[in-house]
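As structure tokens, the structure follows; a few thoughts come after it.
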Amino acid sequence: MQDYTELRELGFKGGLETHQQLATRGKLFCRCSTKIRNDEHDQEILRHMRPTLSEFGEYDGTALMEFKTKKQVHYQLYNDSVCTYEMDDTPPFQANPEAVESALQLAMMFNMSLVDELHITRKQYLDGSIPTGFQRTAIVGVNGKIPFMGRDLHFVQMSMEEDACREVSDIGHHVVYRTDRLSIPLVEPVTAPELYTPREMAIAAKLIGETLRSTHLVRRGIGSVRQDVNISIRGGTRIEIKGVAKIGYIEPLSRIEAYRQKALLDLRHELKTSDLTPDSFKPIYTVLDKIASAGEGFDPAMLESKNHKAAVMVLKGFKKFITTPTQPELSFLDELRGRVRVIACLEYDPVLEQATQLLRSNHNISPEDAAIVFAGPEEDLETTVKEICIRIEEAFQGIPPETRQALPGGTTDFERILPGADRMYPDTDLPPQPIPADTFTRLQKLLPPKPWERRDLYKKLGLSDHLIDRLLNLELCDLYDSILESTDLKPKALASLLADRMRGSKRAGRDWIKVLGIDGVQKAIIWCFTKGVTSKGAWHILDWMSLNADSTLEQALKAVKPA
Amino acid sequence: MSNDVFKGYREATREMMEKFGISVWDDIILTAGPNTFEGVVLPRSETADANHIVIKLATGYNIGILASKVTGVKILGSKNVVFQIPEQEFPFDPSHPNVKLLGTGGTIASRLDYKTGAVIPAFSPGELYGAVPELADICNLETEKLFGIFSEDMGPKEYIILAKAIEKEIEKGTAGIMIGHGTDTLSHTAAALTYMCQDLPIPVVLVGSQRSSDRPSSDAALNLIHAARTAAFFDAAEVVVCMFGPTSDDYGLLHRGPQVRKMHSSYRSTFRTIGDRPLAMVDRDKFTFLKKDYIKRDPTRKPNIRPVFDDRVGMIYYYPSMKADMIDSMVENGYKGIIIAGTGLGHVNKALYEPIRRATEAGVHVFMTVQTLWGFAQMYVYDTGRLLMQRGVVPLGNMLPEAAYIKLGWAMGVSDDPEEVKRLMLSPVGGDITESEPPDGYIILQGGVPEVKDIFKGINR
Chain Z
1 MQDYTELREL GFKGGLETHQ QLATRGKLFC RCSTKIRNDE HDQEILRHMR PTLSEFGEYD
61 GTALMEFKTK KQVHYQLYND SVCTYEMDDT PPFQANPEAV ESALQLAMMF NMSLVDELHI
121 TRKQYLDGSI PTGFQRTAIV GVNGKIPFMG RDLHFVQMSM EEDACREVSD IGHHVVYRTD
181 RLSIPLVEPV TAPELYTPRE MAIAAKLIGE TLRSTHLVRR GIGSVRQDVN ISIRGGTRIE
241 IKGVAKIGYI EPLSRIEAYR QKALLDLRHE LKTSDLTPDS FKPIYTVLDK IASAGEGFDP
301 AMLESKNHKA AVMVLKGFKK FITTPTQPEL SFLDELRGRV RVIACLEYDP VLEQATQLLR
361 SNHNISPEDA AIVFAGPEED LETTVKEICI RIEEAFQGIP PETRQALPGG TTDFERILPG
421 ADRMYPDTDL PPQPIPADTF TRLQKLLPPK PWERRDLYKK LGLSDHLIDR LLNLELCDLY
481 DSILESTDLK PKALASLLAD RMRGSKRAGR DWIKVLGIDG VQKAIIWCFT KGVTSKGAWH
541 ILDWMSLNAD STLEQALKAV KPA
Chain D
1 MSNDVFKGYR EATREMMEKF GISVWDDIIL TAGPNTFEGV VLPRSETADA NHIVIKLATG
61 YNIGILASKV TGVKILGSKN VVFQIPEQEF PFDPSHPNVK LLGTGGTIAS RLDYKTGAVI
121 PAFSPGELYG AVPELADICN LETEKLFGIF SEDMGPKEYI ILAKAIEKEI EKGTAGIMIG
181 HGTDTLSHTA AALTYMCQDL PIPVVLVGSQ RSSDRPSSDA ALNLIHAART AAFFDAAEVV
241 VCMFGPTSDD YGLLHRGPQV RKMHSSYRST FRTIGDRPLA MVDRDKFTFL KKDYIKRDPT
301 RKPNIRPVFD DRVGMIYYYP SMKADMIDSM VENGYKGIII AGTGLGHVNK ALYEPIRRAT
361 EAGVHVFMTV QTLWGFAQMY VYDTGRLLMQ RGVVPLGNML PEAAYIKLGW AMGVSDDPEE
421 VKRLMLSPVG GDITESEPPD GYIILQGGVP EVKDIFKGIN R
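Protein chains in written order, with the working numbering: chain Z, 1 to 563; chain D, 1 to 461.
Listed below in structure tokens is the structure:
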């Protein structure tokens with residue numbers, strides 16, 4: 001295991017924003033079901049997004065950037081599982097009370113200061129992922145903390161919000177979204193930037209997940225939880241890596257991002273000590289003829305059929321900088337590529353010229369120059385060179401604040417400029433919603449023990465970390481606790497029966513809980529205990545029962561004849 | 001009110017604020033027992049309760065804390081708030097037509113109002129240029145705010161002011177007029193201006209937005225762009241409503257004032273021409289006429305502006321078992337004109353025969369329209385209709401009930417002579433009564449039907 005001494009010395013700092021879907025029956029602001037669809041959609045609508053003003057009268061930087069991209073946003077609709085709310089053709093209905101109560105309970109799990117009145121706020125998202133152009137979100141609690149690695153891990157806040165659409169495709173100026181996931185309720189606990197190694201990031205993510213799941217109030221399965229991973233190093237900038245679906249990815253992503261920031265800080269130093277200045281680069285390009293573009297790998301016939309043009313931009317003396325490695329197998333060129341893909345909506349990645357003689361001589365390119373060849377509709381070419389100049393200018397400043405998307409292998413690519421608080425404004429469609437005074441005490445009583453309390457308790461009972469992890473992770477603690485309370489079963493034997501054997505049986509197709517229900521499993525185990533059956537015997541009895549639905553315990557006992 | 005440091009706060013919360021010496025826009029740390037909250041104090045909406053203080057957190061979120069829980073406050077400073085749409089000078093291009101935007105209080109471009117938590121309009125050319133810069137590629141824009149009221153508060157007084165403002169603009173040689181308007185009664189105003197402003201030399205375009213302009217997905221900007229193009233370049237010199245055709249951001253439809261109706265409380269494509277085709281489609285590049293007969297733009301034409309309205313007019317939406325007193329009370333209260341939205345081909349129950357006779361004999365105009373909205377009042381078909389006509393009810397063909405209400409108020413303003421009022425009512429203006437209904441004038445598709453499902457596969461609703 002790495003000890004991350006170097007990253008600690010670089011001043012690594014990380015934080016997590018965990019987006020966890022709630023297991024409510026309906027959506028947050030309409031009464032649709034939370035069904036995820038993979039069949040063909042029934043209808044499609046088309047929208048565009050324009051930035052609006054925040055309360056303090058400023059346009060948000062991300063908002064303006066995304067408007068520059070002029071995306072055509074397509075939404076796929078299902079006649080029988082979405083409604084006119086998801087289309088933004090009907091104002092929101094009042095927040096789903098089940099979701100509000102779940103969110104408050106979850107905030108209690110993180111020991112937060114709870115709000116007395118929910119203010120639904122609009123958070124602008126001009127990427128189109130939400131048809132209104134903003135996400136409806138509200139803070140339920142602030143200033144939380146949980147015990148973590150011998151200290152406290154603090155939480156800035158927890159919001160309750162509607163989930164966004166799922167992206168189907170994003171090619172050129174057209175992005176397609178599916179509305180099935182839109183407005184599924186989420187909570188988002190946000191930690192303070194108090195995680196000091198990539199390893200701590202992963203451990204914290206696991207603990208947050210356990211804490212959320214221990215309430216049984218959250219949805220499980222693929223896509224039900226997504227992490228935004230925030231990373232900075234000393235002298236660097238907070239970078240947000242969006243929508244990380246697996247905890248296993250967090251550690252490599254955090255590590256690689258920290259080193260990307262170091263590489264960009266080193267690049268800044270190199271640039272500042274070179275002869276170059278941001279003014280050395282002008283947003284100028286030359287359209288290439290067919291032969292030249294073919295020489296750079298762009299197919300002239302394809303470009304012609306789409307009415308696209310290939311062009312070259314020459315960056316004098318920039319060759320050694322553009323090839324500076326920033327991430328494994330990626331260089332500063334990829335920083336430029338990400339920007340122009342998103343902002344200029346280029347369909348193909350720009351390439352560094354492959355030094356065809358023709359191009360070199362016609363454009364007076366020296367070996368020290370970087371020549372970037374790119375292609376797209378003519379109106380996007382100008383955006384491309386402007387954006388390249390902007391990104392190079394930023395390289396002289398340091399690390400631009402960005403939202404980045406996670407790629408397989410732990411690297412990241414540009415997604416958008418990191419948004420600020422300027423993109424928040426109150427939802428004029430919904431009035432503030434006071435939380436009735438008795439709600440807090442009522443919900444407090446429903447809370448399960450916290451995972452760390454259980455962990456301490458189970459340790460005292462002599463359970464191994466492996467068994468404790470499984471009980472927490474499989475949400476079996478409540479079942480375990482109540483069986484233990486009503487029997488004299490050995491804690492370890494019961495833990496092993498539930499966490500190892502029941503899990504093994506499920507994987508082999510003998511799903512106890514599915515056939516018998518949680519209560520049935522509990523009843524069966526307690527019955528076995530009273531009959532003096534060993535835990536191994538109980539395992540065989542439950543296996544038999546899960547294969548013989550509607551059988552009785554007596555029948556199972558007779559059939560299995562446990563020792 | 002603007003200097004009120006407790007904006008919107010009252011009773012217990014205000015007392016708490018006074019006690020701790022905090023004002024709106026202060027940056028504070030608030031303690032409530034074991035809990036702490038840090039942020040900027042925001043004004044309180046006057047429609048929200050008196051028990052909570054609203055704080056904007058550094059993350060941009062707002063939260064509400066019960067004032068009675070507050071145990072301590074630390075003031076860190078105060079946030080100086082500048083709050084306006086970025087305003088730039090609207091560029092002038094001598095080659096562009098001059099367009100006038102008259103404001104009534106609709107939300108074409110807007111900002112947020114703390115006091116009510118609501119959206120307030122932004123309107124000057126500079127503000128509009130900041131919000132919708134594309135306008136400068138279309139026209140030279142001048143704006144004039146005539147009043148700032150909600151659509152539902154519009155009435156005859158405002159129609160008259162608008163008609164006079166249109167007359168003034170025509171005299172000035174303006175190329176086209178836009179009117180920004182809330183959508184609720186937009187079609188009523190469009191009908192009123194159609195009657196008050198006839199023989200127009202230039203187009204008059206009413207425009208609004210269905211989804212508020214403070215949202216990125218608003219239809220406001222595109223409607224405004226379409227309307228500006230229509231005012232500047234459209235060839236028909238008529239009063240039209242310019243709003244979304246489909247709910248998608250695609251093209252706009254230009255509807256004739258008396259033919260259009262708001263048909264959904266929130267959809268973008270809410271405005272529909274009833275019983276006919278819309279006049280034309282408009283997009284960023286072109287106009288596509290859907291009707292051939294229209295009054296062409298002609299800057300030399302002298303308009304016939306008659307800004308009058310007699311508001312002793314009312315409308316009755318007939319329901320089964322309606323009693324005589326509904327008609328009698330209108331007559332007793334001095335109403336001089338009644339529009340009935342009847343059932344089917346223009347019918348009401350027998351209980352109303354006598355009160356209707358009493359009304360018409362007392363000189364009250366009684367006209368019949370149909371609550372089916374589509375189709376004609378053809379009162380000669382059944383005995384009920386014939387008996388009603390005998391009692392003085394005059395059918396108005398396929399005129400929409402709302403247009404009929406507006407038209408009667410206007411006609412009674414123009415003339416005291418009952419025969420002249422009747423003549424005006426039955427003379428078609430702006431397509432309010434048509435000789436026939438085209439087979440594609442009534443298209444209401446039904447979901448679930450296989451062929452309809454096929455139509456909606458693409459981006460065309």
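Where a beta carbon is used, it is the ideal one built from N, C-alpha and C, also for glycine. Computed from a prediction, not measured in an experiment: that's the story for all the values here.
Distance CB(LEU217 of chain Z)-CB(LEU476 of chain Z) smaller than 8 Å: no
Spatial distance of LEU76 of chain D from MET313 of chain Z (CA atoms): 51 Å
Reduced DSSP secondary structure (H/G/I, E/B, other) of PHE148 of chain Z: strand
Short CB-CB distance (under 8 Å) between PHE456 of chain D and chain Z: yes
8 Å Cβ cutoff met for GLY431 of chain D and PRO258 of chain D: yes
Amino acids of chain D, ordered along the chain, whose beta-carbon sits closer than 8 Å to that of ARG47 of chain Z: SER217, SER248, ASP249
Residue from D:ALA411, D:THR434, D:PRO428, D:PRO418 whose Cα sits closest to the Cα of PRO156 of chain D: D:ALA411
Between the CA atoms of ILE29 of chain D and ASN35 of chain D - distance to the nearest angstrom: 10 Å
CB contact check: ASN223 of chain D to chain Z, cutoff 8 Å: no
Residue interval of the beta strand (DSSP E) (run including THR369 of chain D): 365-370
Alpha carbon of THR270 of chain D to alpha carbon of PHE289 of chain D, nearest angstrom: 20 Å
Proximity below 8 Å, CB of LEU330 of chain Z to CB of THR411 of chain Z: yes
Range covered by the alpha helix (DSSP H) that runs through VAL521 of chain Z: 512-530
Simplified DSSP assignment, three categories, for MET399 of chain D: coil
Given GLY128 of chain Z as reference, the closest of Z:CYS165, Z:LEU253, Z:MET302, Z:ILE241 once Cα atoms are compared: Z:CYS165
Option nearest SER263 of chain D by Cα separation, candidates D:HIS347, D:LEU373, D:LYS296: The identity of residue 263 of chain D in the sequence shown is Met, whereas the question assumes Ser. Nearest of D:HIS347, D:LEU373, D:LYS296 to MET263 of chain D, Cα basis: D:LEU373.
Sub-8 Å separation of HIS154 of chain Z and LYS71 of chain Z beta-carbons: no
Distance between LEU77 of chain Z and VAL452 of chain D (C-alpha atoms, nearest Å): 15 Å
Per DSSP, the bridge partner or partners of GLN124 of chain Z: Z:PHE134
Contact set for SER81 of chain Z: own chain, Cβ-Cβ below 7 Å, skip 5 residues either direction: CYS32, SER33, LYS35, ARG37, ASP180
Terminal residues of the alpha helix (DSSP H) in which MET247 of chain D lies: The amino acid at residue 247 of chain D is misidentified as Met; the sequence shows Thr. No alpha helix (DSSP H) holds THR247 of chain D; DSSP gives it neither H nor E.
Rounded C-alpha distance that separates PHE93 of chain Z from ILE231 of chain Z: 37 Å
PHE90 of chain D burial status per 10 Å Cβ neighbour count (16 or more: buried): buried
Contact with chain D by GLU134 of chain Z, beta-carbon distance below 8 Å: Going by the sequence as given, residue 134 of chain Z is Phe instead of Glu. Yes, contact with chain D.
Opposing strand residues paired with THR288 of chain D [DSSP bridges]: D:MET281
Beta-carbon neighbours of THR90 of chain Z, restricted to chain D and to distances below 7 Å: SER266
LEU146 of chain D vs THR104 of chain D beta-carbon contact at 8 Å: yes
Pair within 8 Å by beta-carbon distance, PHE367 of chain D and TYR159 of chain D: no
Residues of the stretch 139-172 of chain Z whose Cβ lies closer than 8 Å to any Cβ of chain D, in chain order: ILE139, VAL142, ASN143, VAL156, GLN157, SER159
Interfacial residues, the stretch 315-334 of chain D to chain Z, with Cβ spacing under 7 Å: none
Closest residue to ARG122 of chain Z among Z:PRO431, Z:LEU489, Z:ALA524 (Cα-Cα distance): Z:PRO431
First and last residue of the uninterrupted alpha helix (DSSP H) at ASN223 of chain D: 220-233
Chain-ordered neighbours of SER113 of chain Z on chain D, where CB pairs are closer than 7 Å: ASN35, THR36, PHE37
Under 8 Å (Cβ pairs) to chain Z, residues found in the stretch 61-75 of chain D: TYR61, ASN62, ILE63, GLY64, ILE65, LEU66, LYS69
Within chain D, the residues that LEU126 of chain Z reaches when beta carbons sit closer than 8 Å: PRO216
HIS347 of chain D in three-state terms, based on DSSP: strand
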